[in-house]
């Protein structure tokens with residue numbers, strides 16, 4: 001066996017060892033049996049919120065166990081093929097197995113990153129809010145490009161995306177949009193995307209074809225489970241209804257059913273503009289509940305004021321990622337240093353490399369903090 005192949009196998013085995021540790025492999029099968037037994041108890045559904053939470057936990061553990069087994073089985077199969085190919089002098093079999101091992105290494109590394117999604121709300125659905133910065137049409141078009149990018153990314157992962165509210169730009173693009181992204185670990189993956197995103201390109205709206213720099217902000221907060229109590233008092237909110245419309249054109253439908261809720265103590269504003277006023281109120285209350293929960297989480301980590309200050313200014317000082325389309329192609333994350341020349345691929349939703357690097361950085365930072373606290 002070639003030394004390079006042995007090195008790839010060692011990397012995969014290291015990832016599998018970390019996965020076993022994260023899953024708690026020694027007790028995983030027993031815990032899964034307990035989940036299955038509790039799920040078969042009819043009285044469980046007397047408390048729907050509790051039942052849904054248990055079913056989610058069972059699915060997460062089941063996926064982790066099956067994922068580990070699949071990776072370990074594939075590794076064993078490819079090693080066996082290499083041994084067989086070398087014994088028979090069949091270079092094609094060996095080459096095919098080595099290529100499969102390279103793919104397996106990437107899959108194992110991805111699963112290892114996913115196993116780090118162990119935060120309190122990482123497994124939750126999430127709200128994704130995009131706001132155009134100053135600059136009119138340029139920034140509004142960039143905000144719409146970002147919205148498309150995240151929808152494409154979510155679709156790649158099999159997540160469901162619902163548009164909760166949208167404010168169209170005057171000439172093109174959007175002023176703002178709020179989505180709900182539904183799927184396992186949606187918040188865990190997207191939480192690192194909060195911040196200001198900068199675009200550099202030759203403007204399609206500039207008759208002199210000059211280069212423009214545009215900013216838009218992205219804010220991510222989890223959908224709060226109904227079992228978590230967030231107290232919202234009537235005296236603390238103002239509910240407004242207003243007329244909403246589509247982006248324009250001959251088939252525009254207008255309605256007075258759109259709803260805006262303002263949380264007076266915090267200044268948080270949420271909107272929803274679907275057809276049903278009842279549904280809009282429900283959407284807004286769900287979004288507000290999640291925003292308030294996110295606020296509490298940030299207070300616990302003593303970062304709440306910084307987060308609010310950052311949100312107040314969409315510009316140079318708060319950017320997390322730069323997207324350059326001219327004079328060269330590059331997307332670079334300013335926190336992790338990860339970059340790629342495949343700008344179009346990123347804008348089409350290829351974001352996993354950036355999200356994984358941010359997640360790994362956050363986990364490493366927490367580990368160092370915990371080590372320092374123990375010392």
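In my numbering, the protein residues as written are 1 to 375. Positions of the beta carbon are idealized from the N, C-alpha and C atoms, including for glycine. Predicted, not measured: the structure shown is a model, and the values here were computed from it.
Tell me which same chain residues have a C-beta within less than 6 Å of the C-beta of residue i, skipping the five on either side of it?
| i | result |
| --- | --- |
| residue 356 | 113 |
| residue 124 | 187, 222 and 223 |
| residue 129 | 178 and 219 |
| residue 133 | 139, 215, 216 and 314 |
| residue 319 | 196 and 198 |
Based on Cα-Cα distance, which residue from the options lies nearest to residue i?
| i | options | result |
| --- | --- | --- |
| residue 457 | 90, 158 and 216 | Shown here, the chain extends from 1 to 375; a query on residue 457 therefore has no answer. |
| residue 379 | 270, 111 and 213 | Nothing in the structure corresponds to residue 379, since the chain is present only between 1 and 375. |
| residue 239 | 221, 47, 171 and 264 | 264 |
| residue 175 | 71, 194, 139 and 97 | 139 |
| residue 25 | 66, 154, 267 and 52 | 66 |
| residue 27 | 127, 62 and 259 | 62 |
| residue 338 | 122, 163, 354 and 233 | 354 |
| residue 111 | 342, 330, 11 and 200 | 11 |
| residue 279 | 292, 361, 327 and 165 | 165 |
| residue 37 | 54, 21 and 169 | 54 |
| residue 173 | 29, 334 and 145 | 145 |
| residue 153 | 350, 358 and 211 | 350 |
| residue 162 | 171, 169 and 180 | 180 |
| residue 273 | 327, 259, 282 and 267 | 259 |
| residue 281 | 294, 242 and 296 | 242 |
| residue 343 | 358, 277, 335 and 327 | 327 |
| residue 56 | 352, 32 and 79 | 32 |
What does DSSP give as the partner residue(s) for residue i in the beta ladder?
| i | result |
| --- | --- |
| residue 239 | 261 |
| residue 323 | 199 and 331 |
| residue 127 | 180 and 221 |
| residue 132 | 216 |
| residue 163 | 179 |
| residue 272 | 259 |
With a threshold of 8 Å on Cβ separation, who are the neighbours of residue i within its own chain once the five nearest residues in sequence on each side are excluded?
| i | result |
| --- | --- |
| residue 16 | 68, 71, 72, 75 and 108 |
| residue 232 | 263, 285, 288, 289 and 292 |
| residue 116 | 22, 359, 360 and 363 |
So, for residue i: in the same chain, excluding its five sequence neighbours on each side, which residues have a beta-carbon less than 7 Å away from its beta-carbon?
| i | result |
| --- | --- |
| residue 262 | 237, 238 and 269 |
| residue 206 | 212 |
| residue 148 | none |
| residue 371 | Here residue 371 scores only 45 on pLDDT, less than 50, and its place in the model is too uncertain to base an answer on. |
message: Please give the ranges of any alpha helix (DSSP H) in the segment 36-101, keeping only runs that are unbroken, at least 4 residues long and fully inside the region.
response: DSSP runs (the alpha helix (DSSP H)) wholly in the segment 36-101: 48-88.
- request: Evaluate contact between the segment 191-202 and the segment 91-104, counting only Cβ atoms and requiring at least three cross-stretch pairs below 8 Å.
  value: Cβ pair count under 8 Å is below three, so no.
The segment 38-46 touching the segment 84-93, judged by at least three CB pairs closer than 8 Å: Verdict: no, contact absent.
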